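Colleague:
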Amino acid sequence: MIMMNSSMTSGRRARRAIMVAAMAGALASCAMPPRPVDHPTLRDDVPLAGLPTQPSADWPRSDWWAVYRDPQLDALVAMATDKAPDLAAARARLGSAEQSVRAAAAQAGLNINGSAQVARQRLSEHGLIPSRFLGFTWYNQADLGVQLQYDFDWWGKQRALVEAAVDQARAAEAERSAAALAIQYAVAETYFGWQADQARLALADQVVAVQQELADIAALRVRQGVDLPDDSDRAQAQLAAAREQRAAVAGSTQIRLAALASLVGVAPEGLPPLSPRPLPAVDAGLPAGASLDLIARRPDIAATRWQVEAALKKTDAARAQFFPDLSITALAGLSSIDLGELFTASSRTFAVTPALHLPIFNGGLLKANYGLSRTQLDGAIAQYDRTVLQAAREVSTQALTAQMLQARQTQQSLELAADQRVLNAALARARQGVRDARESLAARAQLIQRRDMAAQLRAQAVLTDLALIKALGGGYRAPVQPAAYADSSSPEKAGAHAHERD
903 MIMMNSSMTS
913 GRRARRAIMV
923 AAMAGALASC
933 AMPPRPVDHP
943 TLRDDVPLAG
953 LPTQPSADWP
963 RSDWWAVYRD
973 PQLDALVAMA
983 TDKAPDLAAA
993 RARLGSAEQS
1003 VRAAAAQAGL
1013 NINGSAQVAR
1023 QRLSEHGLIP
1033 SRFLGFTWYN
1043 QADLGVQLQY
1053 DFDWWGKQRA
1063 LVEAAVDQAR
1073 AAEAERSAAA
1083 LAIQYAVAET
1093 YFGWQADQAR
1103 LALADQVVAV
1113 QQELADIAAL
1123 RVRQGVDLPD
1133 DSDRAQAQLA
1143 AAREQRAAVA
1153 GSTQIRLAAL
1163 ASLVGVAPEG
1173 LPPLSPRPLP
1183 AVDAGLPAGA
1193 SLDLIARRPD
1203 IAATRWQVEA
1213 ALKKTDAARA
1223 QFFPDLSITA
1233 LAGLSSIDLG
1243 ELFTASSRTF
1253 AVTPALHLPI
1263 FNGGLLKANY
1273 GLSRTQLDGA
1283 IAQYDRTVLQ
1293 AAREVSTQAL
1303 TAQMLQARQT
1313 QQSLELAADQ
1323 RVLNAALARA
1333 RQGVRDARES
1343 LAARAQLIQR
1353 RDMAAQLRAQ
1363 AVLTDLALIK
1373 ALGGGYRAPV
1383 QPAAYADSSS
1393 PEKAGAHAHE
1403 RD
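Numbering follows this note's numbering, in which position 380 of the sequence shown is assigned residue number 1282; successive positions increment by one, without gaps.
1) Just checking my contact of T1289 with I1203 at CB under 8 Å: how many whole Å lie between their CB atoms?
2) Go ahead and label R1078 buried or exposed: buried means 16 or more other beta carbons lie within 10 angstroms of its beta carbon, across all protein chains shown.
3) Quick check: what's the CA-CA separation for A1066 versus D947?
4) In whole angstroms, what separates the C-alpha of L1130 from that of L1343?
5) Taking its Cβ as the centre, do 16 or more other Cβ atoms sit within 10 Å of P962, making it buried, or is it exposed?
6) Mark L1125 as exposed unless 16 or more other C-beta atoms lie within 10 angstroms of its C-beta, in which case mark it buried.
7) Apply the 10 Å Cβ neighbour rule to L1036 and answer buried if 16 or more other Cβ atoms are within range, or exposed otherwise.
8) Could you pull the start and end residues of the alpha helix (DSSP H) that V1254 belongs to?
9) Measuring CA to CA, which of D984, V1364, I1014, K1372 is closest to R1199?
10) What residue range is occupied by the uninterrupted alpha helix (DSSP H) comprising I1157?
11) Quick check on this structure: which residue in I1014, R1346, A1380 has the alpha carbon closest to the alpha carbon of V1110?
12) Which partner residues of S1238 appear in the DSSP bridge assignment?
13) Between which two residues does the alpha helix (DSSP H) carrying T1366 extend?
14) What span of residues does the alpha helix (DSSP H) with R1419 cover, start to end?
15) Quick check: what's the CA-CA separation for K1269 versus Q1209?
16) For L1359, which residues of its own chain have a beta-carbon under 8 Å away from its beta-carbon, when the five flanking residues on both sides are left out?
17) Assuming V1168 contacts K985 under a Cβ cut-off of 8 Å, what Cβ separation, rounded to an integer in Å, is found between them?
18) Is any beta-carbon of chain B found at less than 8 Å from that of L1159?
19) From this set, D976, A1044, D940, H1259, which residue's C-alpha is nearest T1246's C-alpha?
20) Grouping DSSP H, G and I as helix and E and B as strand, with all else coil, what is T1231?
21) Could you tell me whether the segment 1083 to 1102 touches the segment 967 to 976, where touching means 3 or more Cβ pairs closer than 8 Å?
22) Given a threshold of 16 other Cβ atoms within 10 Å of its Cβ, counted over all protein chains shown, does L1279 qualify as buried or as exposed?
23) I'd like the ranges of any beta strand (DSSP E) spanning at least 3 consecutive residues and lying wholly in the segment 1034 to 1102.
24) Check for me: the alpha helix (DSSP H) holding Q974 runs from which residue to which?
25) Going by DSSP in three states, T1277 sits in which element: helix, strand or coil?
26) Are at least three pairs of beta-carbons, each pair with one atom in the segment 1246 to 1255 and one in the segment 1177 to 1197, less than 8 Å apart?
27) Between P1174 and A1163, is the Cβ-Cβ spacing less than 8 Å?
28) In angstroms with no decimal places, state the Cα-to-Cα distance between E1341 and I1119.
29) Have a look at A1021 and W1040 and give me their C-alpha separation to the nearest angstrom.
30) Mapping the DSSP letters down to three states, classify S931 as helix, strand or coil.
31) Are the CB atoms of V979 and Q1100 within a distance shorter than 8 Å?
32) Taking Cβ to Cβ, would you say R1102 is nearer than 8 Å to A1357?
33) If distances are taken between C-alpha atoms only, which option among L1374, A968, A1304, L1046 comes closest to D1185?
34) Excluding the 5 residues flanking H1259 on each side, which residues of the same chain have their C-beta closer than 7 Å to its C-beta?
35) I'd like the list of long-range same chain contacts for D1133, defined as Cβ closer than 8 Å, with 5 residues on each side in sequence excluded.
36) Under the assumption that T1366 contacts V939 (Cβ atoms under 8 Å), give the Cβ distance between them as a whole number of angstroms.
Next comes the structure, spelled out in structure tokens:
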């Protein structure tokens, strides 16, 4: 009896050794996991060296268009924010990303499923156990149970996927802000372009009136034989050119109205009534510390930074695929072929199933998936660097353009003053009878054209101010902890802290 027990013990030891050897062989055949990816070093400022800043210049407000104090513009921006198709698409992308977060979180942790079924079945009379031996052909099968499954996620695969989904949602939120800024900017640019056309249209009417007077005088002098017919033809050509210019400006106003209607998502007749207003005065300047703070104030930069974070989490998930998965499944229920006995203690059934999944012969696929995640991470980093450099180029271009326009406006004010003096002198000579009206009319036409150039330059200054506001982020500010996902850090902190690795 003692020898029998010793033999049984030796057999158990042999089987245990075989199982250990099999597990060791399986683990040895697994693909070697790659080393964790270090958090990439991302640029924390935008290269704006050489651009002067003004301590008095403030960052744009979130409602930056309200600074122009134009109720018509406020109404148009409100309509665009509410109805613009592009913004609706951005909201849809944000909603999709938020649902992806919920789906990723739902796949992690404990899953509980219930089941209930009743089946009426007939046994074959020629089966493995013929029905004549059982004494029945038809029978009922009822099952009622609850199944629990838990994945231990020791290697952080599910956690990395959830964090990647959260970062994707944050990127979508920043992209929605970028889409809103783009639409608001387009509305303001088109509206102020229309206002500039209205100012130029009034000046074009004055030019046409002056050229009409000059043409009438030229025709009268030709009829009186004082001048040659060529003088009248030249005056008529100048009148036609003035009318052509007016038609071009008038056509531009209609085009801008159609563009405004498209931006706010209504038909042209659905636009609110607009009246001409003077263009606002603008003061160019960059806020102090623009190069350091622009990272958190540009929604497109924030979006690409979140994309880098999401890609980094996906490399964690791809690396975790190299390690074995351990899960446990538990089942408790009732099962009976007699419906009347289903809810009795003897119908109870239980099962506990631990499961270990080992990646043995799919190392090539795992390496390919991991290589793809690394490539996507490199692409996200490259996109971030490209977005930062593009932001620097936009801010620098608009800031320097604003400075150039200020210098031009200063010189143009001197030109306007000189043209006004020329007109005053011509009018004085006309009153004294020294010269006829043609000199003063020509001087008036020159002054009006100069005013038209000034209106164009002022419009360009306003549009440059709009472009600079957009380049500075349009009042966007990356939240330190977004309200919906307060468990993770913000993009501006991502580069300052080491990413937690397995």
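Quick reminder that beta carbons are idealized off the backbone N, C-alpha and C, glycines included.
These numbers were taken from a predicted model, which means no experiment stands behind them.
Modeller: Taking the geometry as given:
1) The count along the sequence shown starts at 1 and reaches residue 1289 at position 387. The count along the sequence shown starts at 1 and reaches residue 1203 at position 301. With a Cβ gap of about 5 Å, T1289 and I1203 count as contacting.
2) For this step, residue 1078 is matched to residue 176 along the sequence shown. Answer is buried; the Cβ neighbour count reaches 16.
3) Indexing the sequence shown from 1 puts residue 1066 at position 164. Indexing the sequence shown from 1 puts residue 947 at position 45. In a straight line, the C-alpha of A1066 is about 25 Å away from that of D947.
4) As a position in the sequence shown, residue 1130 is number 228, starting the count at 1. As a position in the sequence shown, residue 1343 is number 441, starting the count at 1. Cα to Cα, the separation comes out at about 20 Å.
5) As a working mapping, residue 962 is identified with position 60 in the sequence shown. By the 10 Å Cβ count, P962 comes out buried.
6) Here residue 1125 is taken as the residue at index 223 of the sequence shown, counted from 1. Per the sequence presented here, residue 1125 reads as Arg, with Leu not at that position. Exposed.
7) Working through the sequence shown from its first residue, we reach residue 1036 at position 134. L1036 should be labelled exposed.
8) Locating residue 1254 in the sequence shown gives position 352, where the first residue counts as 1. Segment 1250 to 1259 is the beta strand (DSSP E) holding V1254; no alpha helix (DSSP H) there.
9) Taking the sequence shown and counting its residues from 1, the one referred to as residue 1199 is at position 297. Considering only alpha carbons, the answer is K1372.
10) As a working mapping, residue 1157 is identified with position 255 in the sequence shown. Unbroken alpha helix (DSSP H) run through I1157: 1131 to 1166.
11) In the sequence shown, residue 1110 corresponds to position 208, counting from 1. Among I1014, R1346, A1380, the Cα nearest to that of V1110 is on R1346.
12) What you label residue 1238 is simply residue 336 of the sequence shown in a count that begins at 1. Looking at the DSSP assignment, S1238 forms a beta bridge with A1044.
13) Taking the sequence shown and counting its residues from 1, one reaches residue 1366 at position 464. It spans 1339 to 1373 - the alpha helix (DSSP H) in which T1366 sits, taken as one unbroken run.
14) The chain is shown from 903 up to 1404; residue 1419 falls before or after that span and cannot be answered.
15) Indexing the sequence shown from 1 puts residue 1269 at position 367. Indexing the sequence shown from 1 puts residue 1209 at position 307. Each residue's Cα considered, the two are about 22 Å apart.
16) As a working note, residue 1359 is residue 457 in the sequence shown. Contacts found: L1307, R1310, Q1311, Q1314.
17) Walking along the sequence shown from the start, residue 1168 turns up at place 266. Walking along the sequence shown from the start, residue 985 turns up at place 83. Their Cβ separation, rounded to whole angstroms, is 7 Å, which keeps V1168 and K985 in contact under 8 Å.
18) Absent from the structure is chain B; it holds one protein chain and no more.
19) As a working mapping, residue 1246 is identified with position 344 in the sequence shown. The shortest C-alpha separation from T1246 is found at A1044.
20) Here residue 1231 refers to the residue found at position 329 when the sequence shown is read from its first residue. Strand.
21) yes
22) Counting from one through the sequence shown, the residue named residue 1279 turns up at place 377. Looking at its Cβ environment, which holds 16 or more other Cβ atoms inside 10 Å, L1279 is buried.
23) 1040 to 1053
24) The residue labelled residue 974 in the question sits at position 72 within the sequence shown. Counting along the chain, the alpha helix (DSSP H) containing Q974 begins and ends at 973 to 985.
25) Taking the sequence shown and counting its residues from 1, the one referred to as residue 1277 is at position 375. Of the three classes helix, strand and coil, the one that applies to T1277 here is helix, per DSSP.
26) no
27) Position 272 of the sequence shown, counting from 1, holds the residue named residue 1174. Position 261 of the sequence shown, counting from 1, holds the residue named residue 1163. No, these two residues do not count as a Cβ contact at 8 Å.
28) Residue numbering aside, residue 1341 sits at position 439 when the sequence shown is read from its first letter. Residue numbering aside, residue 1119 sits at position 217 when the sequence shown is read from its first letter. C-alpha separation (whole angstroms): 12 Å.
29) As a first step, residue 1021 is located in the sequence shown; it is residue number 119 there, counting from the start. As a first step, residue 1040 is located in the sequence shown; it is residue number 138 there, counting from the start. Approximately 11 Å between the Cα atoms of the pair.
30) On the sequence shown, position 29 is the one that residue 931 refers to. Low confidence applies here, because S931 scores a pLDDT of 48, under 50, leaving its location unreliable; read the following figure in that light. Note: S931 maps to helix in three-state DSSP.
31) Reading the sequence shown from its first residue, position 198 is the one you call residue 1100. Reading the sequence shown from its first residue, position 77 is the one you call residue 979. In this structure, V979 does not lie closer than 8 Å to Q1100 by Cβ.
32) Taking the first residue of the sequence shown as 1, we reach residue 1102 at position 200. Taking the first residue of the sequence shown as 1, we reach residue 1357 at position 455. Yes, they are a contact pair.
33) For the purposes of this step, residue 1185 is taken as residue 283 along the sequence shown, with counting starting at 1. That would be A1304, whose Cα lies nearest to the Cα of D1185.
34) Counting from one through the sequence shown, the residue named residue 1259 turns up at place 357. Closer than 7 Å at Cβ, skipping near neighbours: P1226, D1227.
35) Reading the sequence shown from its first residue, position 231 is the one you call residue 1133. Result list for D1133: A1120, R1123, V1124, in chain order.
36) Position 464 of the sequence shown, counted from the start, is the residue given in the question as residue 1366. Position 37 of the sequence shown, counted from the start, is the residue given in the question as residue 939. At roughly 42 Å, the Cβ-Cβ gap does not stay under 8 Å, so T1366 and V939 are not in contact.
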